[in-house]
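The structure appears below as structure tokens.
There are 2 protein chains.
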Amino acid sequence: MGAGGTRRRGAALEEAILHAAVAELTASGYAGLTMDKVAARAGTNKNAIYRRWPNRLALGIAAYRQLAITVPPPDTGDLRGDVLELLRQANRHWSSPLGAILRELLSAAGGASQALAQLREQSGDAVAAPWLTILGRAVARGEASPEALHPRVATVAIVLLRNEFVMRGAPTTSDDVLVEIVDEVYLPLVRRRAPTA
Amino acid sequence: MGAGGTRRRGAALEEAILHAAVAELTASGYAGLTMDKVAARAGTNKNAIYRRWPNRLALGIAAYRQLAITVPPPDTGDLRGDVLELLRQANRHWSSPLGAILRELLSAAGGASQALAQLREQSGDAVAAPWLTILGRAVARGEASPEALHPRVATVAIVLLRNEFVMRGAPTTSDDVLVEIVDEVYLPLVRRRAPTA
DNA sequence: AAGTTTAAGGTACGGCCAGTACCGTCAAAG
DNA sequence: CTTTGACGGTACTGGCCGTACCTTAAACTT
């Protein structure tokens, strides 16, 4: 049918498909992302899609990447404020429709560790950076111990929050829980420790 | 067909179906658990299944419950040993075929928080208990601070390990990582904190 | 400008599987 | 011995992924 009259090729068509996939993804989530619907919305057919992406999951991930954004790490002046703000950002993000899509994708990727790698590169490893940033400042201020810069230590708070999402199926996590994570676990852990006897 | 000759009813049939579902689940995982195959293996048909479980996921969960077992918490005499042993148990469990099935189910449950609750009851909350047990003993020995008995604190190690499984798609986690979790995060967190000078 | 290559469009399947409908049949309850 | 309701068999619907095959148009070549 090609409403535009002229037949699109190459990059133009690819962009149109991706755009349609993004639209479907935001409208119906990954579960509702069907190849037929994407093709229809893009005004093309499934062949054009399968020439570019090997399967539905790959297309879904590609579409998600169009949506993902990164925000600069907060700088409130003290560690507790920074940590809480980072957690709240993450909480908002996971509660948002975008977060729901990400969870769906992670779910669908499941064992396909090939595809999973792409998602981690985007959602996982990028997560560590802001924590190291705010902790670096805290160490400089003497608020945190240098050992806290160990990645596994630095990211404990966000990992606990992620666990909250995974275990409770709840869409959003109460702010009380965030405060609890910060005060009961994270700050005691990263704070300058008294020398072990 | 009914190889048994007599036609089974009620509990007998239900048991046969569940048994077949368990067999299929262990043989092919949840992805390979199809209603047709279960019916065939049980020597019945899909109707009998759908009269008892509303959908495939419910059947999968029911079958999984048949498989899940609990092991008594370790008691090595010191906290570090107990913690490591608990983590190693969990590591083995998640690496096992059974763990793979559980991950598949959690994946499939996804948003269906109704079904998710059933799985949590089995895999999630039951997890906290052994940690409180070993920590209770450690507190009595003076190895850990009483604040460590806070559930969110007590379960930090296992949550970090779970995160490892979720993020790295890896089937098993290296023992080095377990040690790292214990020594870098868990012990510093729960250990009796030196009175702030 | 004519010819050639390559990708798009159109359409129709194959295959898989969840879930449903219908009906004949047999076991258990009364 | 009759009635009831669950069981067995089978056949469908419907959705959707992924593929095959052919026609047509764009772009590139000579």
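Chains as they are written, first to last, in UniProt numbering: chain P, 1 to 197; chain Z, 1 to 197.
Just so it is clear, CB atoms sit at the ideal spot from N, CA and C, and this is done for glycine as well.
Alpha helix (DSSP H) segment containing residue i, residue limits
i, result
"LEU57 of chain P", "56–67"
"LEU86 of chain P", "79–95"
"LEU33 of chain P", "Where LEU33 of chain P is concerned, there is no enclosing alpha helix (DSSP H), given that its DSSP letter is neither H nor E."
"ALA188 of chain P", "According to the sequence displayed, residue 188 of chain P carries Pro and not Ala. Start and end: 187–190."
"ILE49 of chain Z", "46–50"
"PRO180 of chain P", "Note on identity: in this sequence residue 180 of chain P is Glu, with Pro being the wrong assignment. Here the alpha helix (DSSP H) through GLU180 of chain P covers 175–180."
Whole-Å CB distance - residue i paired with residue j, under 8 Å assumed
i, j, result
"LEU189 of chain P", "PRO188 of chain Z", "6 Å"
"VAL156 of chain Z", "VAL185 of chain P", "6 Å"
"ILE134 of chain Z", "PRO73 of chain Z", "6 Å"
"ILE49 of chain P", "LEU59 of chain P", "6 Å"
"ALA128 of chain P", "PRO151 of chain P", "5 Å"
"ALA23 of chain Z", "ARG41 of chain Z", "6 Å"
"ALA100 of chain P", "LEU57 of chain P", "Not quite, the Cβ-Cβ distance comes to about 17 Å (not below 8 Å), so this is no contact."
"ARG191 of chain P", "SER145 of chain P", "7 Å"
"ALA98 of chain Z", "LEU67 of chain Z", "Sequence inspection shows Leu at residue 98 of chain Z; the Ala mentioned does not correspond to that position. Yes, they are in contact, since the Cβ atoms of LEU98 of chain Z and LEU67 of chain Z sit about 6 Å apart, within 8 Å."
"LEU33 of chain Z", "LEU25 of chain Z", "5 Å"
Segments assigned alpha helix (DSSP H), at least 4 residues, entirely inside the segment 112–167 of chain Z = Restricted to the segment 112–167 of chain Z, the alpha helix (DSSP H) segments that are unbroken, complete and at least 4 residues in length are 113–119, 125–141, 151–154, 156–167, listed in chain order.
Please list the residues of the segment 140–163 of chain P that have a C-beta atom closer than 7 Å to any C-beta atom in chain Z, keeping them in chain order.
-> Answer in chain order: HIS150, ARG152, VAL153, VAL156, VAL159, LEU160, ARG162, ASN163.
Cβ contact check for the segment 20–30 of chain P and the segment 103–112 of chain P: 3 or more pairs under 8 Å | Yes: at least three Cβ pairs fall under 8 Å.
Near-chain P residues of the segment 180–192 of chain Z (beta-carbon distance less than 8 Å), N- to C-terminal order | Shown in chain order are the members of the segment 180–192 of chain Z whose Cβ falls below 8 Å from a Cβ of chain P: GLU180, ILE181, GLU184, VAL185, PRO188, LEU189, ARG191.
Given 8 Å, three or more beta-carbon pairs between the segment 16–23 of chain Z and the segment 162–175 of chain P = Contact check between the segment 16–23 of chain Z and the segment 162–175 of chain P: fewer than three CB pairs, one atom from each, fall below 8 Å, which does not count as touching.
Contact residues within the segment 82–109 of chain P, judged by C-beta distance below 9 Å to chain Z = Listed by position, the residues of the segment 82–109 of chain P near chain Z (Cβ gap below 9 Å) are ALA100, ARG103, GLU104, LEU106, SER107, ALA108, ALA109.
Could you list the residues in the UniProt DNA-binding region "H-T-H motif" (34–53) of chain Z with a C-beta less than 9 Å from some C-beta on chain P, going in chain order?
-> Within the UniProt DNA-binding region "H-T-H motif" (34–53) of chain Z, no residue qualifies.
Using 8 Å as the threshold, is the segment 86–93 of chain Z in touch with the segment 171–183 of chain Z, meaning 3 or more CB pairs across them?
-> The segment 171–183 of chain Z and the segment 86–93 of chain Z touch, with three or more beta-carbon pairs separated by less than 8 Å.
Interfacial residues, the segment 58–78 of chain P to chain Z, with Cβ spacing under 9 Å | Listed in sequence order: no entries.
Between the segment 36–55 of chain P and the segment 92–99 of chain P, do at least 3 Cβ pairs fall closer than 8 Å?
-> Judged by Cβ distances under 8 Å, the segment 36–55 of chain P makes no contact with the segment 92–99 of chain P, as fewer than three pairs qualify.
Assess, as a yes-or-no matter, whether the segment 135–146 of chain P is touched by the segment 124–142 of chain Z under the definition of 3 or more beta carbon pairs within less than 8 Å.
-> The answer is no - the segment 135–146 of chain P does not touch the segment 124–142 of chain Z, with fewer than three Cβ pairs under 8 Å.
Between the segment 5–31 of chain P and chain Z, which residues of the former have CB atoms less than 8 Å from a CB of the latter, in chain order?
-> Correct list: empty, as no residue qualifies.
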